[in-house]
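Just so you know, we're using the working numbering here: the sequence shown kicks off at 24 and counts up by one.
Built from N, CA and C at the ideal position, the CB exists for glycine as well.
To start, the structure itself, in structure tokens.
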Amino acid sequence: MGRLSVLDAFRGLAALSVIIFHYTKLYRDLYGHGFPSLYDFRYGYMGVELFFIISGFVIFLSLNHIKSWKDFVFKRVSRLYPAYWACLAITFLSILTLGLEGKERDWLDFLANITMFQRLLSIPNVDGSYWSLFPELMFYGMMLMLFVTDVKDKIIYVGIPWLLLCFVHLNIMPIKYLSLLLNLEYGVFFYSGILFFLLKENSKEYKLIVVQLLVCFLIAVFGYKFKGQLPQQIIISFIYVVFYLFIQNKLNFLASKPLLFLGSISYPLYLIHQNIGFIIMNRTKAIFDGSILIVLPPIVVSLLLAYLISIFIEKPASQALRDWYSSQSVIDSESKIFSKGTKRIVN
Numbered sequence: 024m025g026r027l028s029v030l031d032a033f034r035g036l037a038a039l040s041v042i043i044f045h046y047t048k049l050y051r052d053l054y055g056h057g058f059p060s061l062y063d064f065r066y067g068y069m070g071v072e073l074f075f076i077i078s079g080f081v082i083f084l085s086l087n088h089i090k091s092w093k094d095f096v097f098k099r100v101s102r103l104y105p106a107y108w109a110c111l112a113i114t115f116l117s118i119l120t121l122g123l124e125g126k127e128r129d130w131l132d133f134l135a136n137i138t139m140f141q142r143l144l145s146i147p148n149v150d151g152s153y154w155s156l157f158p159e160l161m162f163y164g165m166m167l168m169l170f171v172t173d174v175k176d177k178i179i180y181v182g183i184p185w186l187l188l189c190f191v192h193l194n195i196m197p198i199k200y201l202s203l204l205l206n207l208e209y210g211v212f213f214y215s216g217i218l219f220f221l222l223k224e225n226s227k228e229y230k231l232i233v234v235q236l237l238v239c240f241l242i243a244v245f246g247y248k249f250k251g252q253l254p255q256q257i258i259i260s261f262i263y264v265v266f267y268l269f270i271q272n273k274l275n276f277l278a279s280k281p282l283l284f285l286g287s288i289s290y291p292l293y294l295i296h297q298n299i300g301f302i303i304m305n306r307t308k309a310i311f312d313g314s315i316l317i318v319l320p321p322i323v324v325s326l327l328l329a330y331l332i333s334i335f336i337e338k339p340a341s342q343a344l345r346d347w348y349s350s351q352s353v354i355d356s357e358s359k360i361f362s363k364g365t366k367r368i369v370n
């Protein structure tokens, strides 16, 4: 079992947390539930912040294993888009045929969502869960720039002004357009993931990393949008403690088969569950008559759909794209060798 398998368990837990929040608290706010609000998983949405920290860790790790910017871009595209397009099509067609009040979208919305950059076009998401993809893409763009400009190894110095801008945006003065480009709203979590990675790798700049990680923690707890909200602050603190325990190899017991399975399908599960689940609950309300068991059918269906998408679309498509890309790289290499050989013969 890989040393980073605990991250897959984290992904599974984060996805499950968001799903239960959507099926309890969010669904109640939108359409109403028959069971008491006491059972709502009202803070489950904070699984997204955990996703962002995981992304910071994993993406910075991946930068150490690529040879060119093309490799980075292609790996991200082949990883993100096949499952996303499948979930997008299923969700859009489900709403179109079965209906979902307040979530109707037209074909223009669908076409814009194909790009994954619909936020830049001021076009609504086909599914509310898609909102977190844009910050992810902006973070990837920033990491790509670090790689291209060859300052990846100086991230802890580049990160200082980034952290400062995050603090200013969150607490002093909103920086409207730059905040999108530089991910100032959620940058503190992505950067925390990077710092956790550097801490795990025993970087020479240990003290500076610890200081910056502490600053990230303080901004996340006291300077983020949850400032003054004790439950959220406690949960954010818990997330940081848990991630620290992970890099100290104290949480290997979490790498169990159920959580690893959830982690393996967490991406399509996150993308497919929300509106599909709402449609199912709308149509089964009468059956469950106000019982909290109403959340079970959409959970089961979402898990099944995510598994099928992962097995039959996400993994095969990603592998096919990567095989094609590898073959192109081989062709390019052979062309360069042939070109050099020809020049020697001519000369």
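inquiry  = By alpha-carbon positions, which one of Ser226, Phe212, Lys273, Asn272 ends up nearest to Gly246?
reply    = Working through the sequence shown from its first residue, we reach residue 246 at position 223. When only C-alpha atoms are compared, the closest one is Phe212.
request  = Entirely within the region 110–168 and at least 4 residues each: give me those alpha helix (DSSP H) ranges in chain order.
outcome  = 130–138
Option in Asp346, Lys338, Ile299, Glu208 with minimal Cα separation from Tyr104 = As a position in the sequence shown, residue 104 is number 81, starting the count at 1. Answer by Cα proximity: Lys338.
key: Among Gly210, Ile113, Ile137, nearest to Leu236 - alpha-carbon criterion   = The residue labelled residue 236 in the question sits at position 213 within the sequence shown. Answer by Cα proximity: Gly210.
message = Between the alpha carbons of His56 and Ser289, how many angstroms are there, rounded?
response = Working through the sequence shown from its first residue, we reach residue 56 at position 33. Working through the sequence shown from its first residue, we reach residue 289 at position 266. One C-alpha to the other measures close to 26 Å.
task = Rank Glu72, Phe190, Pro158 by C-alpha distance to the C-alpha of Ile259 and give the top, closest one.
result = By one-based count along the sequence shown, residue 259 stands at place 236. Taking each of Glu72, Phe190, Pro158 in turn and checking the Cα distance to Ile259, the smallest one comes out for Glu72.
query = Could you give the distance in angstroms between the alpha-carbon of Leu316 and the alpha-carbon of Ile322?
reply = Within the sequence shown, the letter at position 293 stands for residue 316. Within the sequence shown, the letter at position 299 stands for residue 322. Approximately 10 Å, taken between the alpha carbons.
ask   = So what does DSSP say about Asn272, is it helix, strand or coil?
value = In the sequence shown, residue 272 corresponds to position 249, counting from 1. Residue state, collapsed to three classes: coil.
query = Is DSSP giving Met196 helix, strand or coil here?
reply = Locating residue 196 in the sequence shown gives position 173, where the first residue counts as 1. When DSSP states are grouped into helix, strand and coil, Met196 belongs to the coil group.
key: Nearest neighbour of Tyr50, chosen from Glu124, Ile82, Tyr200 [CA to CA]   = Here residue 50 refers to the residue found at position 27 of the sequence shown. It is Glu124 whose Cα lies nearest to the Cα of Tyr50.
query = Out of curiosity, what's the CA-to-CA distance linking Gln297 and Ser91?
reply = Residue 297 sits at position 274 when you count from the first residue of the sequence shown. Residue 91 sits at position 68 when you count from the first residue of the sequence shown. If you take the alpha carbons of Gln297 and Ser91, they lie about 36 Å apart.
Which listed residue (Phe220, Cys189, Phe335) has its alpha carbon closest to that of Leu201 = As a working mapping, residue 201 is identified with position 178 in the sequence shown. Residue Cys189 is the option with its Cα nearest to Leu201.
message = Only counting the same chain, and skipping five residues up and downstream in sequence, which positions put a Cβ closer than 6 Å to that of Arg34?
response = Position 11 of the sequence shown holds residue 34. Within the same chain, Arg34 has close Cβ partners Gly286, Ser289.
request  = Could you check the C-alpha separation between Ile295 and Val174 for me, to the nearest Å?
outcome  = Within the sequence shown, residue 295 is the residue found at index 272, counting from 1. Within the sequence shown, residue 174 is the residue found at index 151, counting from 1. Ile295 and Val174: Cα-Cα distance of roughly 37 Å.
key: Under 8 Å between C-beta atoms of Phe74 and Met166   = In the sequence shown, counting from the first residue as 1, residue 74 sits at position 51. In the sequence shown, counting from the first residue as 1, residue 166 sits at position 143. Result no, Cβ atoms of Phe74 and Met166 do not sit closer than 8 Å.
query = Among residues of its own chain, excluding the 5 on either side of Ser60, which ones have a beta-carbon nearer than 7 Å to its beta-carbon?
reply = Within the sequence shown, numbered from 1, the residue matching residue 60 stands at position 37. Correct list, in chain order: Arg51.
message = Rounding to the nearest angstrom, what Cα-Cα distance links Asn148 and Phe157 in this structure?
response = Within the sequence shown, numbered from 1, the residue matching residue 148 stands at position 125. Within the sequence shown, numbered from 1, the residue matching residue 157 stands at position 134. One C-alpha to the other measures close to 11 Å.
key: Residues of its chain near Ile178, where Cβ-Cβ distance is below 8 Å and the 5 sequence neighbours each way are ignored   = Translated into the one-based positions of the sequence shown, residue 178 becomes position 155. The answer, listed in chain order, is Phe83, Leu169, Ile217, Leu221.
query = Is Lys227 helix, strand or coil when you go by DSSP?
reply = Against the sequence shown, residue 227 aligns to sequence position 204. Residue state, collapsed to three classes: coil.
Continuous alpha helix (DSSP H) stretch holding Gln297: start and end = As a position in the sequence shown, residue 297 is number 274, starting the count at 1. If you look at Gln297, you'll find it in the alpha helix (DSSP H) that goes 289–311.
ask   = Apart from the five residues just before and just after Gly313, which ones in its own chain have a Cβ nearer than 8 Å to its Cβ?
value = In the sequence shown, counting from the first residue as 1, residue 313 sits at position 290. Cβ within range, chain order: His56, Gly57, Phe58.
inquiry  = If you reduce the DSSP assignment to three classes, tell me which class Thr172 lands in.
reply    = What you label residue 172 is simply residue 149 of the sequence shown in a count that begins at 1. Coil at Thr172, not helix or strand.
Backbone CA spacing between Asp31 and Phe284 [nearest angstrom] = Counting from one through the sequence shown, the residue named residue 31 turns up at place 8. Counting from one through the sequence shown, the residue named residue 284 turns up at place 261. Approximately 8 Å, taken between the alpha carbons.
ask   = Do you know how far the Cα of Ile299 is from the Cα of Val238?
value = If you number the sequence shown from 1, residue 238 lands on position 215. If you number the sequence shown from 1, residue 299 lands on position 276. Rounded to the nearest angstrom, the two C-alpha atoms are 39 Å apart.
request  = Give me the Cα-Cα distance between Leu39 and Pro320, rounded to the nearest whole angstrom.
outcome  = In the sequence shown, counting from the first residue as 1, residue 39 sits at position 16. In the sequence shown, counting from the first residue as 1, residue 320 sits at position 297. About 14 Å.
ask   = In its own chain, which residues sit with a C-beta less than 6 Å from the C-beta of Lys223, not counting the 5 before and 5 after it?
value = In the sequence shown, counting from the first residue as 1, residue 223 sits at position 200. Excluding sequence neighbours, Lys223 sits near Ile270.
task = Taking the CB atoms as reference points, tell me whether Leu326 and Leu292 lie closer together than 8 Å.
result = Locating residue 326 in the sequence shown gives position 303, where the first residue counts as 1. Locating residue 292 in the sequence shown gives position 269, where the first residue counts as 1. Yes; because the gap between Cβ atoms is below 8 Å, this pair is in contact.
key: Nearest-angstrom Cα separation, counted from Leu231 out to Ile183   = Your numbering for residue 183 matches position 160 in the sequence shown. Your numbering for residue 231 matches position 208 in the sequence shown. Going from the Cα of Ile183 to the Cα of Leu231 covers about 10 Å.
ask   = Excluding the five sequence neighbours on either side, which residues of its own chain have a C-beta within less than 7 Å of the C-beta of Lys48, listed in chain order?
value = In the sequence shown, residue 48 corresponds to position 25, counting from 1. Within the same chain, and ignoring the five residues on either side of Lys48 in sequence, the residues whose Cβ sits closer than 7 Å to its Cβ are Asp63, Phe64, Arg65.
ask   = For Phe219, does the count of other Cβ atoms within 10 angstroms reach 16, so buried, or fall short, so exposed?
value = By one-based count along the sequence shown, residue 219 stands at place 196. Within 10 angstroms of the beta-carbon of Phe219 lie 16 or more other beta-carbons, which makes it buried.
task = Could you tell me which of Leu134, Tyr214, Lys250 sits nearest to Tyr180, measuring between CA atoms?
result = As a working note, residue 180 is residue 157 in the sequence shown. The residue with the shortest Cα to Cα distance from Tyr180 is Tyr214.
ask   = When the Cα atoms are used, what is the spatial distance from Met304 to Glu228?
value = Here residue 304 refers to the residue found at position 281 of the sequence shown. Here residue 228 refers to the residue found at position 205 of the sequence shown. Distance between the alpha carbons of Met304 and Glu228: 52 Å.
key: Burial state of Ala37 (16 or more Cβ within 10 Å)   = As a first step, residue 37 must be located in the sequence shown, where it is residue number 14. Buried, by the Cβ-count rule.
key: Top-ranked residue by Cα proximity to Phe44, from Ala112, Met69, Gln342   = Position 21 of the sequence shown, counting from 1, holds the residue named residue 44. When only C-alpha atoms are compared, the closest one is Met69.
task = Please classify Gly122: is it buried, with 16 or more other beta-carbons within 10 angstroms of its beta-carbon, or exposed?
result = Locating residue 122 in the sequence shown gives position 99, where the first residue counts as 1. By the neighbour-count rule (16 or more Cβ atoms within 10 Å), Gly122 is not buried but exposed.
ask   = Cβ of Arg99 within 8 Å of Cβ of Tyr163?
value = Within the sequence shown, residue 99 is the residue found at index 76, counting from 1. Within the sequence shown, residue 163 is the residue found at index 140, counting from 1. Yes, Cβ-Cβ distance for Arg99 and Tyr163 is below 8 Å.
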